[in-house]
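Structure first, commentary second.
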Amino acid sequence: MPASPTSRDLRLDFFRGLALIFIFIDHIPENILSYFTLEAFGFFDAAEVFIFISGFTAALVYGRRLVEKGVIYATAQVLRRAWQLYVAHVFLFVIFIAEVSYTVTTFNNPMYNEEMRVADFLDEPHVAVIQALLLQFQPTFLDILPLYILMLVIFPVVLIGMQRHPLLVLLPSAALYIVVQIFGIVVPAYPEGHVWYFNPLAWQFLFVSAALLGHARIRGQTRLPFARVLYPAAAVIFAAAFLIKLSWTIHGVWDAFPGLLLKQLWPINKNNLSPLRLVPFYALVVLVALRVPREAQFLQSTAARPFVLCGQQSLEIFCLGIILSVLAHFILTEYGGGVWMQLAANAAGITIMFLTAAMLAWYKMVDRMPPLRTVAAPGRPSDGIAK
1 MPASPTSRDL RLDFFRGLAL IFIFIDHIPE NILSYFTLEA FGFFDAAEVF IFISGFTAAL
61 VYGRRLVEKG VIYATAQVLR RAWQLYVAHV FLFVIFIAEV SYTVTTFNNP MYNEEMRVAD
121 FLDEPHVAVI QALLLQFQPT FLDILPLYIL MLVIFPVVLI GMQRHPLLVL LPSAALYIVV
181 QIFGIVVPAY PEGHVWYFNP LAWQFLFVSA ALLGHARIRG QTRLPFARVL YPAAAVIFAA
241 AFLIKLSWTI HGVWDAFPGL LLKQLWPINK NNLSPLRLVP FYALVVLVAL RVPREAQFLQ
301 STAARPFVLC GQQSLEIFCL GIILSVLAHF ILTEYGGGVW MQLAANAAGI TIMFLTAAML
361 AWYKMVDRMP PLRTVAAPGR PSDGIAK
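Counting in the numbering used here, the sequence shown runs from 1 upward without gaps.
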């Protein structure tokens, strides 16, 4: 039976959960499993998946709030979520700084300060803390949540614009993206000379365009238009990007293997979301949308369940993945990073993420369950107690 338009789309949960696992793997330097993530086989990586699904689900969730309860309520809900992300980011920042500082002191290795970009915090903590609270100080790996927070802060305007007409949102967003690609405009960060790793002026286009697709879903447009043309075009684009990037990956391990178009295309700018990243990614989105239906049986399977749960608890699992990837990096660096140690670190981290997601899901399930017994009202004796 086809899924109803309002039922939860497990594809979003599954692929977001998979992206979180990929982010954990990719954040461990020289990780052998990184040869099996999106980064090894495409011009893009899990960051695009994370931002795309975030924009898509934001439109689904808050678009319905707007229709059902009005602009003020929907805006309040969006800003409430932005605040939750902000608090999580600050908490993650504190844990991250403590983790790095402890490792530097324990192993007497100040190089970690530079690698993790926390040296400025140690030099002038009173300034760095304020800049971190303003989302301007972004140590290594702590750069995607500020982007997400900023996208949600401006999302009420996007939401209202989409309700009036999608082009009111799409055209300014696309124009800004094009201007960034032409002129290389960046957003400055702390310390001086640094910029936002995920340039919000560019990455907003991925978030907004994904939100427009989510908005179309709410309006009942569940079929992809021009599918007969889009599917082969997307297949060709993705296959070309796949083969080229695969040649680069092999070339990195075996110099004799030719890296196709390596000199012509490398480097592909991630900071400003180069079209060479965006176009193949959207090709993959088209392929998944057309080839993986909402009713796909594998989404209900035992093997897919851990990824679905991670996707449903995305904020907590993302933060946990950052902490675990940094910990794994330090352990592998200090105690040896052989293949078996890498596999053990990956297995331990992924298992912890799966178990944490299952525990959080269990807590939410219990909270939704009806009480086992009714608590007596104040002032009224319960059964079995003498009056």
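The beta-carbon is built from N, C-alpha and C at its ideal position, and this holds for glycine as well.
Please confirm whether residue i and residue j have their CB atoms less than 9 Å apart.
i: A147; j: F91; result: Looking at the sequence itself, residue 147 is Leu, so the reference to Ala does not match. No, the Cβ-Cβ distance between L147 and F91 is not below 9 Å.
i: G321; j: I23; result: yes
i: A357; j: A283; result: no
i: M116; j: V326; result: yes
i: P225; j: G17; result: no
i: A430; j: L20; result: With the chain represented from 1 up to 387, any question about residue 430 goes unanswered, as that position is not in the structure.
i: A361; j: L299; result: no
i: F207; j: A174; result: no
i: I149; j: H89; result: yes
i: H215; j: F141; result: no
i: I10; j: R217; result: Checking the displayed sequence, the identity of residue 10 turns out to be Leu instead of Ile. No, these two residues do not count as a Cβ contact at 9 Å.
i: R294; j: S7; result: yes
i: V187; j: L201; result: yes
i: I95; j: I350; result: no
i: R81; j: L152; result: yes
i: T57; j: P156; result: no
i: G311; j: F107; result: no
Does DSSP put residue i in a helix, a strand or coil?
i: V288; result: helix
i: L315; result: helix
i: M359; result: helix
i: G321; result: helix
i: L273; result: coil
i: P2; result: Note that P2 scores a pLDDT of 45, beneath 50, so its modelled location is shaky; the value from the coordinates is reported in the next line. The answer is coil: DSSP assigns P2 none of H, G, I, E or B.
i: R11; result: helix
i: G336; result: coil
i: M365; result: helix
i: V326; result: helix
i: G384; result: Because the pLDDT at G384 is just 44, under 50, the model does not fix this residue reliably, and the value given afterwards should be weighed accordingly. The answer is coil: DSSP assigns G384 none of H, G, I, E or B.
i: L278; result: helix
i: L261; result: coil
i: I350; result: helix
i: V118; result: coil
i: W266; result: coil
i: P371; result: coil
Starting from residue i, trace the alpha helix (DSSP H) both ways and give me its first and last residue.
i: I72; result: V71 to F107
i: Q300; result: No alpha helix (DSSP H) contains Q300, which DSSP labels as neither H nor E.
i: E114; result: M111 to E115
i: R125; result: The residue you asked about is not Arg; residue 125 is Pro in the sequence shown. Element bounds for P125: P125 to L133.
Length at least 4, wholly inside the stretch 135-187: the alpha helix (DSSP H) runs in chain order:
Every unbroken stretch of the alpha helix (DSSP H) spanning 4 or more residues and falling wholly within the stretch 135-187 is given here in chain order: 144-164 and 166-183.
In chain order, each alpha helix (DSSP H) run of at least 4 residues that lies wholly inside the stretch 180-232
List check, alpha helix (DSSP H) in window: 200-218.
Please give the ranges of any alpha helix (DSSP H) in the stretch 17-57, keeping only runs that are unbroken, at least 4 residues long and fully inside the region.
Runs of the alpha helix (DSSP H) inside the stretch 17-57: 38-41.
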